[in-house]
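Contents: one structure, followed by commentary.
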Amino acid sequence: MVKTKRIGLDARPLSTRVSGVGRLIAETLKAFPHKEEYDFFLFSHLPIHEDHKAVLSLPNITWVNGGGFLKWKGGLYYNLYIPFYLLKHRLDLFWGSQQVLPPFLPSSLKAVLTYCDLVLYLYPETMRWIAKVQQRLFQRYSVRRSSFILSISKQTSTDMCRKFGYPVDQTGVSYPGVNPIEMTKHLETKISNRVKDLGTDFLLSVSTIEPRKNYPFLLEVFREYRKTEPHHYRPWVIVGKIGWESPEFIEELLQERSLYKDIHILDSVSDSELQHLYKRAGLFAFASKYEGFGIPMAEAIFHGLNCVVSDIPTFHEIGKDGVTYLPYKTKEDAKLWAETIKKYFENPKPLTVSVSEFTWENAAKITEEVFRKVLEE
Numbered sequence: 001m002v003k004t005k006r007i008g009l010d011a012r013p014l015s016t017r018v019s020g021v022g023r024l025i026a027e028t029l030k031a032f033p034h035k036e037e038y039d040f041f042l043f044s045h046l047p048i049h050e051d052h053k054a055v056l057s058l059p060n061i062t063w064v065n066g067g068g069f070l071k072w073k074g075g076l077y078y079n080l081y082i083p084f085y086l087l088k089h090r091l092d093l094f095w096g097s098q099q100v101l102p103p104f105l106p107s108s109l110k111a112v113l114t115y116c117d118l119v120l121y122l123y124p125e126t127m128r129w130i131a132k133v134q135q136r137l138f139q140r141y142s143v144r145r146s147s148f149i150l151s152i153s154k155q156t157s158t159d160m161c162r163k164f165g166y167p168v169d170q171t172g173v174s175y176p177g178v179n180p181i182e183m184t185k186h187l188e189t190k191i192s193n194r195v196k197d198l199g200t201d202f203l204l205s206v207s208t209i210e211p212r213k214n215y216p217f218l219l220e221v222f223r224e225y226r227k228t229e230p231h232h233y234r235p236w237v238i239v240g241k242i243g244w245e246s247p248e249f250i251e252e253l254l255q256e257r258s259l260y261k262d263i264h265i266l267d268s269v270s271d272s273e274l275q276h277l278y279k280r281a282g283l284f285a286f287a288s289k290y291e292g293f294g295i296p297m298a299e300a301i302f303h304g305l306n307c308v309v310s311d312i313p314t315f316h317e318i319g320k321d322g323v324t325y326l327p328y329k330t331k332e333d334a335k336l337w338a339e340t341i342k343k344y345f346e347n348p349k350p351l352t353v354s355v356s357e358f359t360w361e362n363a364a365k366i367t368e369e370v371f372r373k374v375l376e377e
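Under the UniProt record's numbering, the very last position in the sequence shown is 377; numbers go up by exactly one each time.
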C-alpha cells in the first residue's frame, strides 16, 4: 500500500468566484499527477464557491472544517487557526498558494511557496489596504521559511530573488496555463443571448477593473480609436468585475457607456460564455502596468486572437514575437494604441504564436516534482 504524503494548502481563493489564484489552485489539483500518492487538506474560512465545486469530487481532497469565531476574517483564520490545527494533526508539507505562510508552523514541517507577483513592493497603491497589511507582516518571513519557491513567471522569480536575496537554486517556474480540452468543450455549448447580441469582431479586454489593470488608459485608447473611425469602429467588451478601482473612474466609465452605447461590461460570465467571447472577438487588448503572469492573454492566444498589450517583461514570456507590445502611459501612447487597433481591424493577420507550453498539466507536473524533491530532502 502506498503511503500518501499529506499536503496542507491555503485554499481561501476557492471560496470566491474564479480569480487568477483560485484558478491556479483548482486546475493544478485537477491535473495533479500520481493522485494516489498525495492527500490534500484545503484550508479556508468560508465554504467552497460553486465555481470550484468540482475540486471536492477529487478522491484525494479533504475540505478542512473548523475555525470557530476566527472564521469571520480570513487573515485571522489563516494566521491563528491553521497553526493551532497543525499542533494536533500531522502534515508532511504546507503549500502557501498566495505567497504567504501562516506564522508558527511546526519547525519540522516543510513548506513550498507559490510566488505570484511583487505588487506589494512595485505598485502598493493598487492594493486593498487589508491585503497590503497582511503581506507586509508575513511576506519576508514566508520567503525565508520556505524550502522552495515556485514563481508563475521567470520575471517574477528573478525579481523575488533580487528583492529577498533568496537562493536561485531553491526556485523554479510553474507557468499557469490553459485547459485545451475544457475550453474546446465549452465552445460546443449553446451561445447565450447576451453574448450573441454583442455580435463578432469586437475589441475585448478580460480582467478585474482595478488600478493595476490600467483601465483609465484603455478608456483613453478607446476614445482615440473612436475618433479614428467615427462611423465604422468596433465596440469594446470588458469581461471582469468592478474591483477596487477609484469610484471617480468607475463613474466616468459608466457615463461613457451610457452616452455612447459602445462599451459593454460583463461582470459575471460563465466559463462557456467566456470561451465564446474569446472566439467571437476580433482583437484582445491588455494594458496592465504589471502582471505576475497573464492568464487572459494566454487564453486569447489559444483561441487564435491577436493581442495588443503593454510592453512589460512578463507579457514577452507569453507572447514571444507573436503579439504587439506598446508603451502604455501617455496620451501619445494612447493614440499609438488607437492607430494600431484600427490597422488590425482593417487588415487582420493570422496569429503566429502558440501557448502549448502553458498548460495546467505542465504546471501540475512541475509542482508535483517540487513537492517530491522537498519531501525527499
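The beta carbon of each residue, even a glycine, is placed where N, CA and C say it ideally should be. All values reported here derive from a predicted model rather than from experimental measurement.
Quiz item: How many angstroms separate the CA atom of F164 from the CA atom of K196?
Solution: Their backbone Cα atoms lie some 49 angstroms apart in a straight line.
Quiz prompt | Cα-Cα separation between L326 and V21, rounded to whole angstroms | solution = Computed Cα separation, rounded: 27 angstroms.
Quiz prompt | Sequence ranges, beta strand (DSSP E) only - wholly within the segment 9-62, length at least 3 | solution = Entirely contained in the segment 9-62, the beta strand (DSSP E) runs reaching 3 residues are, in chain order, 38-43.
Quiz item: If we count the other Cβ atoms within 10 Å of its Cβ and call it buried at 16 or more, is V308 buried or exposed?
Solution: V308 comes out buried.
Quiz item: Based on the DSSP output, what are the partners of W95 in its beta bridges?
Solution: L9, V112.
Quiz item: Near residue 389, which residues of its chain fall below 7 angstroms by C-beta distance, leaving aside the five closest residues on each side in sequence?
Solution: Past the boundaries of the shown model lies residue 389; the chain is included only from 1 to 377, so the question cannot be answered.
Quiz item: Using DSSP with H/G/I as helix, E/B as strand and the rest coil, what is A285?
Solution: Strand, per DSSP.
Quiz item: Between L93, R6, F41, which lies nearest to V55 when the distance is taken from Cα to Cα?
Solution: Residue F41 is the option with its Cα nearest to V55.
Exercise. Would you list, in sequence order, the uninterrupted beta strand (DSSP E) runs of no fewer than 3 residues that lie entirely inside the segment 284-347?
Key: Segments of the beta strand (DSSP E) lying fully in the segment 284-347: 307-310, 324-326.
Practice problem: Please go through the same chain and pick out, in chain order, the residues whose beta-carbon is closer than 6 angstroms to the beta-carbon of N286, but skip the five residues on each side of it. | Solution: Here residue 286 is Phe; the residue named in the question, Asn, does not match the sequence. Same-chain partners within the cutoff: M297, V309.
Exercise. State the start and end residues of the unbroken alpha helix (DSSP H) segment that holds L253.
Key: 247-260 is the span of the alpha helix (DSSP H), which, as asked, contains L253.
Practice problem: Inspect the beta-carbon positions of Y175 and S153 and report whether they are closer than 8 angstroms. | Solution: In this structure, Y175 places its C-beta atom within 8 angstroms of the C-beta atom of S153.
Quiz item: Taking just the CA atoms, how far does T171 sit from F148?
Solution: C-alpha separation (whole angstroms): 6 angstroms.
Practice problem: Give the secondary structure of T171 by DSSP, where H, G and I count as helix, E and B as strand, and everything else as coil. | Solution: Strand.
Quiz prompt | 8 angstroms CB neighbourhood of T4 in its chain, flanking five on each side removed | solution = If we look at T4 and ignore the five residues flanking it on each side, its Cβ neighbours are E36, E37, Y38, D39, N60.
Exercise. Would you mind stating whether L351 and G322 have Cβ atoms separated by less than 8 angstroms?
Key: A distance below 8 angstroms separates the beta carbons of L351 and G322.
Quiz prompt | V239 CB to nearest heavy atom of the ligand MG below 7 angstroms | solution = Looking for the ligand MG in the displayed structure turns up nothing, as the structure carries no ligands at all.
Quiz prompt | V269, DSSP secondary structure in three states | solution = When DSSP states are grouped into helix, strand and coil, V269 belongs to the coil group.
Quiz item: How about G8 and F94: are their beta carbons less than 8 angstroms apart?
Solution: Taking 8 angstroms as the Cβ cut-off, G8 and F94 qualify as a contacting pair.
Quiz item: Would you call W337 buried or exposed, if buried means 16 or more other Cβ atoms sit within 10 Å of its Cβ?
Solution: Buried, by the Cβ-count rule.
Practice problem: Please go through the same chain and pick out, in chain order, the residues whose beta-carbon is closer than 6 angstroms to the beta-carbon of F222, but skip the five residues on each side of it. | Solution: Taken in chain order, the residues that qualify are W236.
Exercise. Please classify D267: is it buried, with 16 or more other beta-carbons within 10 angstroms of its beta-carbon, or exposed?
Key: The residue is exposed, with fewer than 16 neighbouring Cβ atoms inside 10 Å.
Quiz item: Hey, residue 424 and P211: beta-carbon distance below 8 angstroms or not?
Solution: Residue 424 lies beyond the stretch modelled for the chain, which goes from 1 to 377, so this question has no answer here.
Exercise. With DSSP as the reference, label H186 as helix, strand or coil.
Key: In this structure, H186 counts as helix in the three-state DSSP scheme.
Quiz item: Which partner residues of V239 appear in the DSSP bridge assignment?
Solution: For V239, which the question treats as bridged, DSSP gives the partners V206, L266.
Practice problem: Quick one: grab the DSSP three-state call for F358. | Solution: F358: coil per DSSP, three-state reduction.
Quiz item: Hey, P106 and N79: beta-carbon distance below 8 angstroms or not?
Solution: Against a cut-off of 8 angstroms, the Cβ pair of N79 and P106 comes out as no contact.
Quiz prompt | Simplified DSSP state of I191, which is helix, strand or coil | solution = In the structure shown, I191 falls within a coil segment according to DSSP collapsed to helix, strand and coil.
Exercise. Mark S151 as exposed unless 16 or more other C-beta atoms lie within 10 angstroms of its C-beta, in which case mark it buried.
Key: Residue burial is scored here from C-beta neighbours: S151 has at least 16 other C-beta atoms within 10 angstroms and is therefore classed as buried.
Quiz item: Can you give the Cα-Cα distance for G199 and S97, rounded to whole angstroms?
Solution: Rounded to whole angstroms, G199 to S97 spans 38 angstroms at the Cα level.
Quiz item: Would you report the Cα separation of K342 and S192, rounded to the nearest angstrom?
Solution: C-alpha separation (whole angstroms): 28 angstroms.
Quiz item: What's the gap between the Cα of H34 and the Cα of L254?
Solution: If I take the Cα positions, the gap works out to 49 angstroms.
Quiz prompt | C-beta atoms of A281 and L204 nearer than 8 angstroms | solution = Going by C-beta atoms, A281 is nearer than 8 angstroms to L204.
Quiz prompt | Three-state secondary structure (DSSP) of residue 425 | solution = Residue 425 falls outside the range modelled here, since the chain spans only 1 to 377, and no answer is possible.
Exercise. Let me know the secondary structure DSSP gives I149 once reduced to three states.
Key: Per DSSP, reduced to three states, the secondary structure at I149 is strand.
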